[in-house]
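Here is the structure we will look at, set down as structure tokens.
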Amino acid sequence: MSQPWSQRFDSPLHPTIEAFNASIGFDLALLPVDVRGSQAHARMLARQGIITPEEGEQLVQGLAQILREYEQGTFPAQGEDVHFAVERRLTELVGEVGKKLHTARSRNDQVATDLRLYLREAIDDVTEQLRRFQQVLCGVAAAHVETLIPGYTHLQRAQPVSLAHHLLAYFEMFQRDKIRLQEIRQRVNISPLGAGALAGTTFPIDREYTAELLGFQGVCANSLDAVSDRDFVVEFLTTASLILVHLSRMSEELILWSSQEFGFIQWRDSCATGSSMMPQKKNPDVPELVRGKTGRVFGHLQALLVILKGLPLAYNKDLQEDKEAVFDTVKTLKTCLAAMTIVWQEGIVFQKQRLAQAVESDLSNATDVADYLTTKGVPFRSAYQITGQIVKFCVNSGRLLKDLTLAEWQGFHPQFAEDIYQAITPQEVVARRNSLGGTGFAQVRTALAKAQADCA
Ligand code: ARG
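Written out as structure tokens, the structure reads:
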């Protein structure tokens, strides 16, 4: 195919080199934003008298036609990249005037503009998905304020907590993710258009006007930086990686909880899968895939950092490699969030009996024994040591704290009285952790109401 660049070249590209150089195989996803950017550019050219108003209008209409073709699946994706393919088709559709579109513009400021518009939209979509996901989590939490679940540190039973409190911990992570997305959106939403290849242009363009037409909050101040900066991509990939870290930690818990050893949840058939060989199996493929997919997104982040670290100013073709990283990250993020939302909506059933039995049958109320003595005037460290002896006694005799007789309690310390039994029931143990941000039911109800308002 004939090259769109100048006639300084005598021979065509070697076909293997042509294919190697091309990005049309993956950057077509930019077409809708490429068209929008070009329409803004054409309007600006006309407004500034660089082309006539009629020419501007022809370009805008031709570009609209291209978008329709793309949406109908009939756009001819030919050429090195999406930018050339659009210009080529535009000239087919509107004739010679199509060749005026690229006045005062380079593919370097064009592709940077496209990528920023694309990411801005992706950020808004993902923010909305996170909000929906948070709503679903709040719904499950609301049903389980007084359902207790063992709380762990070092994956050893530590203290029981409200299941809602546990779920609201995830809510907090996704809340920070939403805020982070809004913060990086501000730096994504700046216009590089009009920076030209690297140095600006001789034409009397109006960068603020195109920025305004495209909904950008401002213009990149330095033309070299405008075309070579991909910090906003790194920031997006970092934020995406953190969201996946959160989804992956959650996945790990779902996988553990559904093992026979834990048995805290069961999978509904709509969200679990079977084994091709073992008829009894029901597998948690969804959280496993989410956990697994984090790897590729971390990989994209690493790739981009490496691509950027040795680049001289300004645009270098290395930057074409940012596209697939971005596209795959957006797709992975969206599909993981969609799947996890469904899992929490309908995929799992908490096994309340098993949970109740779990918090009844361990020594995770030992802290409360020490706290009990402390409120009766024993210094905490001494109370802790005495409770240590009691725990040792229980472990050696295979009993639980609630099984000790009052005489046995008092053998360890005279301050133990009948009310020790009430103080160490799981319900009481949780209810009394009513410090700000703690798992006490009153705290959890307040936190839940705030969370519901945050994602309403
Ligand atoms: N396809 C290129 C990219 O994605 C567009 C910019 C090309 N610019 C250039 N000077 N070759 O980065």
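The C-terminal residue of the sequence shown carries number 457 in this note's numbering, and the numbering is unbroken. We treat Cβ as the ideally placed atom computed from N, Cα and C, and that holds for glycine. Since this is a predicted model, take the numbers as computed values, not measurements.
Is it buried or exposed for residue i, if we count other Cβ within 10 angstroms and need 16 for buried?
{"i": "E88", "result": "buried"}
{"i": "V350", "result": "exposed"}
{"i": "I52", "result": "buried"}
{"i": "L306", "result": "exposed"}
{"i": "M278", "result": "exposed"}
{"i": "Q303", "result": "exposed"}
{"i": "I18", "result": "exposed"}
{"i": "V396", "result": "exposed"}
{"i": "L118", "result": "buried"}
{"i": "A408", "result": "exposed"}
{"i": "Q40", "result": "buried"}
{"i": "Q187", "result": "exposed"}
{"i": "R382", "result": "exposed"}
{"i": "S12", "result": "exposed"}
{"i": "K179", "result": "buried"}
{"i": "Q390", "result": "exposed"}
{"i": "T406", "result": "exposed"}
{"i": "D1", "result": "The shown model of the chain, from 2 to 457, leaves out residue 1, and the question about it has no answer."}
{"i": "T440", "result": "buried"}
{"i": "E56", "result": "buried"}
{"i": "D270", "result": "exposed"}
{"i": "N22", "result": "exposed"}
{"i": "D319", "result": "exposed"}
{"i": "S249", "result": "buried"}
{"i": "K101", "result": "buried"}
{"i": "T295", "result": "buried"}
{"i": "G74", "result": "exposed"}
{"i": "H145", "result": "buried"}
{"i": "A450", "result": "exposed"}
{"i": "H166", "result": "buried"}
{"i": "H15", "result": "exposed"}
{"i": "A435", "result": "The displayed chain sequence assigns Asn, not Ala, to residue 435. Counting Cβ neighbours within 10 Å, N435 comes out exposed, since fewer than 16 surround it."}
{"i": "R106", "result": "buried"}
{"i": "A20", "result": "exposed"}
Per DSSP, what are the beta-bridge partners of residue i in this structure?
{"i": "L1", "result": "Since the displayed the chain opens at 2 and closes at 457, residue 1 lies outside it and no answer follows."}
{"i": "V360", "result": "Its beta-bridge partners do not exist; DSSP assigns none."}
{"i": "Q157", "result": "T154"}
{"i": "V220", "result": "S192"}
{"i": "Q267", "result": "V350"}
{"i": "T274", "result": "N284"}
Could you pull out every residue in the same chain whose Cβ sits closer than 8 Å to the Cβ of residue i, ignoring the five residues on either side in sequence?
{"i": "L68", "result": "L32, P33, V36"}
{"i": "I497", "result": "Summary: the structure shown does not reach residue 497, with the chain confined to residues 2 through 457, and so no result is reported for it."}
{"i": "A340", "result": "V287, L290, V291"}
{"i": "I185", "result": "I124, F233, E236, F237, T240"}
{"i": "K282", "result": "G275, S276"}
{"i": "G201", "result": "G195, S224"}
Keeping to the same chain, check which residues put their C-beta closer than 7 Å to that of residue i; ignore five residues upstream and five downstream.
{"i": "Y422", "result": "K403"}
{"i": "E429", "result": "Q423"}
{"i": "A384", "result": "A371, L374, T375"}
{"i": "F217", "result": "N190, I191, S192"}
{"i": "Q352", "result": "G264, F265, I266, Q267"}
{"i": "E253", "result": "R292"}
{"i": "I25", "result": "A78, G80, E81, D82, V83, A86"}
{"i": "G63", "result": "L91, L94, V95, G99"}
{"i": "M174", "result": "H247"}
{"i": "Q59", "result": "V95, V98"}
{"i": "A448", "result": "L169"}
Starting from the C-beta of residue i, find all residues in its chain whose C-beta is less than 6 Å away, skip the five residues before and the five after it, and write them out in chain order.
{"i": "V298", "result": "A241, S242, L245, T330, T333"}
{"i": "D467", "result": "Absent from the structure is residue 467, since the part of the chain shown begins at 2 and ends at 457."}
{"i": "G195", "result": "I206, R208"}
{"i": "M251", "result": "Y171"}
{"i": "C139", "result": "A452, Q453"}
{"i": "A47", "result": "P54, G57"}
{"i": "Q79", "result": "A86"}
{"i": "Q321", "result": "S24"}
Can you tell me whether residue i sits near the ligand FAD, meaning its C-beta is under 6 Å from at least one heavy atom of the ligand?
{"i": "Q73", "result": "Because the ligand FAD does not appear in the structure shown, any question about it cannot be addressed here, the ligands present being the ligand ARG."}
List in chain order: all unbroken alpha helix (DSSP H) runs of 4+ residues lying wholly within the segment 353-415. 353-361, 367-376, 381-398, 407-413
Taking only runs of the alpha helix (DSSP H) that begin and end inside the segment 2-67, which ones reach a length of at least 4 residues, in chain order? 16-22, 25-28, 32-48
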